[in-house]
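Participant:
Residue numbers (the numbering used here): 317 to 580.
1) Which whole-angstrom value is the C-beta distance of residue 554 and residue 399, which I expect to be below 8 Å?
2) Tell me the DSSP secondary structure of residue 573 in three-state form.
3) Taking the CB atoms as reference points, tell me whether residue 376 and residue 433 lie closer together than 7 Å.
4) Which class does residue 335 belong to by DSSP, given the choice of helix, strand or coil?
5) Our contact map puts residue 367 next to residue 519 with C-beta atoms below 8 Å; I'd like the distance itself, whole angstroms only.
6) Can you tell me which of 371, 345, 404 puts its alpha carbon nearest to the alpha carbon of residue 381?
7) Would residue 435 pass as a contact of residue 421 if the rule is Cβ separation under 7 Å?
8) For residue 424, verify whether its CB is less than 6 Å away from any heavy atom of the ligand SAH.
9) Look at residue 419 and residue 511 and say whether their C-beta atoms are less than 7 Å apart.
10) Among all the DSSP beta bridges, which residues are the ones paired with residue 511?
11) In the region 441-514, which residue ranges form an unbroken alpha helix (DSSP H) of at least 4 residues, counting only runs that do not cross its ends?
12) For residue 338, which residues of its own chain have a beta-carbon under 8 Å away from its beta-carbon, when the five flanking residues on both sides are left out?
13) Would residue 397 be called buried (16 or more neighbouring beta carbons within 10 Å of its own) or exposed?
14) Thinking C-alpha only, which one of 459, 478, 564, 416 is nearest residue 388?
15) Residue range of the alpha helix (DSSP H) that residue 549 falls in?
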């Protein structure tokens, strides 16, 4: 499989995705979303791959959607076009959670916005001491309902802490992420990939059918079906993308100032 927006490698039945725009902390583009959606869908049928490892090149894991290549372009889109984008971004999470293979996120630095959601949608989050997590959607005038955040985050860190993270958009460091259960473990930065691949190899050698069933039932036995939650969030976020607050959030980022959102 050939991809342009990230590095894709396979060794010993373990696939690795390295988001590859280190100068922008691996910010996502439309192409990245499209390729991640295709990869996570096709991996379901690829019997040569047993485990997926997801990480980023350079100092960041993923800083979220690119300000100029995604946010600026979303401001020019309307209704159905916005929904097609939010639906595609939600499909990445749907594919990750439906994939009956373990996914290990090796979080090497900042995981913000959609980047935090890629980590959250993984089965394991191994964090470097340099890792940070931030759910930034409200900072640009969008709902915290993005890519399944309202479905997944409360189930991992609890309703109260999820509310705080989603309402305020504050970043937390690796140790705090571990304390609240967002990170499975925190390791020295230089040991991150060694730890991630050690876990990946252990999972590869486990009974993969049983792991797949376990993952499937973990999803199904939650109160609300994930796909229904993703559909609801995709539609809600597409509406938010047409608001003045989202435009103001974008302008504030570009102009490097605090946003002034509508108070009415």
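Ideal Cβ positions, reconstructed from N, Cα and C, are used throughout, including at glycine.
Facilitator: Based on what the coordinates show:
1) 4 Å
2) coil
3) no
4) strand
5) 5 Å
6) 345
7) yes
8) The ligand SAH is not part of the structure shown, which contains no ligands of any sort.
9) no
10) In the DSSP output, where bridge partners are listed per residue, residue 511 has none listed.
11) 465-473, 475-484, 490-495
12) 372, 373, 374, 375, 376
13) exposed
14) 564
15) 542-556
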